[in-house]
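The sequence shown runs 1 to 416 under the numbering used here.
Just below is one structure, and these are the notes that go with it.
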Amino acid sequence: MAAEKNWAKNVTYSASEIVQPASLDELAEVISSTPKLRMLGSRHTFSRLGDTDGILVSLEKLADPNVELVQTGGHQAVRVAAGTRYGDFVEQLDGQGFALANLASLPHISVGGAVQTGTHGSGDKIANLSSQVVAVELITGAGEQLRLTREDPEFAGAIVSLGALGAVTHLELAIEPSYQMTQTVYDGVRWADVLERFDEFTSSGDSVSILSTWVEEDQNVQQVFIKHRSETSPDLSGFGGKAATEQRHTVLGDDPAPVTTQGKAGPWHARLPHFRLDHTPSSGEEIQTEYLVPREEAPAALAAYRKLGEQIAPNLFVAEVRTMAGDDLWLSPAEGRDTVGIHCTWKPDEAKVRELLPKIEAALPDTARPHWGKVFELSPDQVKARYSRWDDFAELAAKHDPQRRFVNAYLEAYGL
Numbered sequence: 001m002a003a004e005k006n007w008a009k010n011v012t013y014s015a016s017e018i019v020q021p022a023s024l025d026e027l028a029e030v031i032s033s034t035p036k037l038r039m040l041g042s043r044h045t046f047s048r049l050g051d052t053d054g055i056l057v058s059l060e061k062l063a064d065p066n067v068e069l070v071q072t073g074g075h076q077a078v079r080v081a082a083g084t085r086y087g088d089f090v091e092q093l094d095g096q097g098f099a100l101a102n103l104a105s106l107p108h109i110s111v112g113g114a115v116q117t118g119t120h121g122s123g124d125k126i127a128n129l130s131s132q133v134v135a136v137e138l139i140t141g142a143g144e145q146l147r148l149t150r151e152d153p154e155f156a157g158a159i160v161s162l163g164a165l166g167a168v169t170h171l172e173l174a175i176e177p178s179y180q181m182t183q184t185v186y187d188g189v190r191w192a193d194v195l196e197r198f199d200e201f202t203s204s205g206d207s208v209s210i211l212s213t214w215v216e217e218d219q220n221v222q223q224v225f226i227k228h229r230s231e232t233s234p235d236l237s238g239f240g241g242k243a244a245t246e247q248r249h250t251v252l253g254d255d256p257a258p259v260t261t262q263g264k265a266g267p268w269h270a271r272l273p274h275f276r277l278d279h280t281p282s283s284g285e286e287i288q289t290e291y292l293v294p295r296e297e298a299p300a301a302l303a304a305y306r307k308l309g310e311q312i313a314p315n316l317f318v319a320e321v322r323t324m325a326g327d328d329l330w331l332s333p334a335e336g337r338d339t340v341g342i343h344c345t346w347k348p349d350e351a352k353v354r355e356l357l358p359k360i361e362a363a364l365p366d367t368a369r370p371h372w373g374k375v376f377e378l379s380p381d382q383v384k385a386r387y388s389r390w391d392d393f394a395e396l397a398a399k400h401d402p403q404r405r406f407v408n409a410y411l412e413a414y415g416l
């Protein structure tokens, strides 16, 4: 196989081939006949979590943008093929009068990959994308076709599953009536006020993103992106904030053509993501890291990043701070606590980034959990200790993949 890379081009896959089954029967046959495999999503994972020295299996041919509305356990939901990208079905969902509670910054990511790694948007009262799931369908490593709902005792362990149980084929996501949103960008917000009145600030909109380079000379946050259902934009004058008058990229100064419309109301799916589906997302080649901390520890964690700002900034495109409600999913970075994610989009020098990460990790509380799909230097033992249900998850993985078909070197280091 010719060299295949992830989206950021920082990982060259070790697989001998990539296969694309055209039916669930073909997928089941691939699983039963292959000793080592991993599922390949939209390639937005920055680590070797999705790699294997066996074969990679893409569900691209099984992706389906058509919307199937269902009722599951009292929830109205949409059933989606796991290989489908969010951006490929949300407009049709909106056309039928329904919406998701939130989206990530990129609509280009697959539903299955986002859910299994605990990917999120922002919003004090909104949990991560994994928490939208009300049912999951998969073909396990043992060959069983399994459907789990929220009533099943294994459900909470099978959602943020790192691809360790088998091939997730479909997900049912909770939906609500469609809604309009406006996205407003602000300048001039004072860091001191954000840190002192953090809860007040992050509750100023439905979804709040704080963008920084950690070294702003004027002691202001570089930009704030707020997405709100209210017709009027939030008043941030008490924090020094003034609404921008022109379209902005999340990386200040970059061409804003790829970003979603600002300053004008529109459908939820065209405002919640930062980036448009029809444009190349984000900055292109880059490295991403993110550490998620308990909400009450966020101001101290942000102050720690700012103290390291002079070392971080030369290697950084932008940092983004987002909030999310807690959940009960075993391996979710927001499990058991309202959470703040501190994300960095780095310039594509992975060696330099990895040199800096131990300093950042040492400055953060030992409750910080790294995003499963991004780069970090914490050891497997350090990460496992931050999840109270890790041993339960390991038992669940062993039950559903007894031959360890879906275990790669990355997961093996975690004892799976």
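We treat Cβ as the ideally placed atom computed from N, Cα and C, and that holds for glycine.
With distances taken between CB atoms, is the gap from Asp-64 to Thr-84 smaller than 8 Å?
yes
Backbone secondary structure at Trp-346 - three-state DSSP:
strand
When Ala-351, Ser-47, Pro-380, Leu-211 are compared against Gly-341, the one with the closest alpha-carbon:
Leu-211
Please identify the residue among Ala-15, Leu-62, Pro-358 whose C-alpha is closest to the C-alpha of Asp-25.
Leu-62
Give the C-beta separation of Phe-89 and Glu-176 to the nearest angstrom, bearing in mind that I take them to be a contact with Cβ-Cβ under 8 Å.
So it is not a contact: roughly 16 Å between Cβ atoms.
Looking only at C-alpha atoms, which of Thr-367, His-249, Glu-355, Gly-263 sits nearest to Phe-317?
His-249
Whole angstroms are fine: how far does the CA of Tyr-387 sit from the CA of Trp-7?
29 Å
The alpha helix (DSSP H) with His-249 in it runs from where to where?
Taken as a continuous stretch (DSSP letters only), His-249 belongs to no alpha helix (DSSP H), as it is neither H nor E.
Let me make sure I understand the geometry here. Which of Glu-60, Ile-18, Ala-22, Met-1 has the alpha-carbon closest to that of Leu-37?
Ile-18
Looking at the strands, I want to know which residues DSSP matches up with Ala-320.
One point to set straight first is that residue 320 is Glu, not Ala, in the sequence displayed. According to DSSP, which records beta bridges pairwise, Glu-320 is partnered with Leu-211, His-343.
Selection from Ala-244, Ala-164, Gly-118, Lys-359 that minimises the alpha carbon distance to Arg-404:
Ala-164
What residue ranges within the stretch 71-109 form continuous alpha helix (DSSP H) runs of no fewer than 4 residues, ordered along the chain?
86-95
Smallest Cα separation from Asp-349: which of Pro-35, Val-259, Phe-46?
Phe-46
Quick check on the DSSP output: the beta strand (DSSP E) that includes Gln-183 runs from which residue to which?
180-187
If you follow the alpha helix (DSSP H) that Phe-225 is part of, which residue opens it and which one closes it?
From DSSP, Phe-225 is part of no alpha helix (DSSP H) but of the beta strand (DSSP E) over 223-228.
Determine the contact status of Thr-260 and Phe-275, defining contact as a CB-CB distance below 8 Å.
yes
Could you please give me the residues that DSSP links to Pro-294 through a beta bridge?
Thr-339
Please report the Cβ distance between Leu-331 and Gly-121, rounded to the nearest whole angstrom; I am assuming they are in contact, meaning their Cβ atoms lie under 8 Å.
So it is not a contact: roughly 19 Å between Cβ atoms.
Please go through the same chain and pick out, in chain order, the residues whose beta-carbon is closer than 7 Å to the beta-carbon of Trp-390, but skip the five residues on each side of it.
Lys-384
Among Leu-252, Ile-126, Leu-364, which one has its Cα closest to the Cα of Ala-334?
Ile-126
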